[in-house]
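Below is one structure, written out as structure tokens, with a few remarks after it.
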Amino acid sequence: MSVDIDRFDIKILHELQKDASISNQELAERIGLTAAPCSRRVKQLEENGFIERQVIRVNERKVGLNLIALLHISMDKHIPERFEAFETAIAEIPEVMECYLITGHDADYQLKVAVADMDSYHDILLGKITRITGVSGVKSSFIMRKVVDTTAVPLHYLKR
1 MSVDIDRFDI KILHELQKDA SISNQELAER IGLTAAPCSR RVKQLEENGF
51 IERQVIRVNE RKVGLNLIAL LHISMDKHIP ERFEAFETAI AEIPEVMECY
101 LITGHDADYQ LKVAVADMDS YHDILLGKIT RITGVSGVKS SFIMRKVVDT
151 TAVPLHYLKR
């Protein structure tokens with residue numbers, strides 16, 4: 001079922017993507033509504049699935065995670081049971097920040113892993129990831145610098 005959103009809803013989404021910690025009063029002022037209708041709109045956006053959750057982003061380096069790796073994982077068999085087992089196992093590794101089933105590459109999955117250093121990476125790679133049944137290959141790349149780092153979804157195409 002498609003739910004229509006208007007310019008106020010788009011403004012709410014835009015502002016909350018920038019800073020979800022602002023008060024409802026501040027949000028209402030920024031988008032040009034009073035507090036009560038603004039609060040109702042936020043609640044409706046949550047109920048309709050436009051807002052999935054609100055989280056705090058932690059600076060990886062401030063907590064000692066100085067090495068971020070992108071891994072391309074190849075699987076030995078392309079069968080649903082193998083993929084399900086991999087996805088269940090990989091979800092249990094806290095250092096895995098993101099996992100995508102991908103296409104158009106020599107890999108089946110792409111992972112983003114955050115660890116303290118190369119020794120920690122070695123332990124995760126050889127102690128956990130390569131031990132998952134079905135993993136037949138891993139290619140690693142290491143992030144040198146973040147050029148674009150956002151969780152904001154582009155909303156400009158929704159303009160009404």
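Counting in the UniProt record's numbering, the sequence shown runs from 1 upward without gaps.
Glycine included, every Cβ here is placed at the ideal spot set by N, Cα and C.
Close-in-space but distant-in-sequence residues of the same chain around residue i (CB under 6 Å, 5 per side omitted)
i	result
Ile-102	Gln-110
Residue closest to residue i, alpha-carbon to alpha-carbon, out of the options
i	options	result
residue 171	Asn-24, Gln-17, Glu-95	With the chain represented from 1 up to 160, any question about residue 171 goes unanswered, as that position is not in the structure.
Ala-114	Thr-34, Val-63, Gln-17	Val-63
His-105	Val-138, Ala-85, Ile-129	Val-138
His-78	Leu-158, Met-144, Ser-136	Ser-136
Thr-150	Arg-7, Arg-57, Ile-31, Ser-21	Arg-57
Ile-124	Leu-16, Arg-145, Met-97	Met-97
Phe-50	Val-148, Ile-5, Ile-22	Ile-5
Asp-19	Val-55, Gly-127, Ala-91, Lys-146	Val-55
Gly-134	Phe-83, Ile-93, Gln-17	Phe-83
Ala-107	His-72, Pro-80, Lys-146, Ser-21	His-72
Glu-81	Arg-53, Leu-126, Ile-132, Ile-93	Ile-132
Paired residues, beta bridge with residue i - DSSP
i	result
His-72	Gln-110, Lys-139
Cys-99	Leu-111
Leu-67	Val-115
Close beta carbons around residue i, own chain, < 7 Å, minus the five adjacent residues each side
i	result
Leu-155	Ile-10, Leu-13, His-14
Ala-28	Thr-34, Ala-35, Cys-38
Ile-100	Position check: residue 100 holds Tyr in this sequence, whereas Ile was assumed. These residues qualify, in order along the chain: Tyr-109, Gln-110.
Thr-130	Val-138
Phe-8	Ile-31, Leu-33, Arg-41
Glu-60	Ile-68, Ala-114
Asp-117	Asn-66, Leu-67
Exposure label - residue i; buried when at least 16 CB within 10 Å
i	result
Tyr-121	buried
Val-153	exposed
Met-75	buried
Phe-86	buried
Ile-143	exposed
Glu-95	buried
- Message: My parser needs the alpha helix (DSSP H) runs of 4 or more residues fully inside the stretch 15 to 87; what are they?
- Response: 24 to 31, 35 to 47
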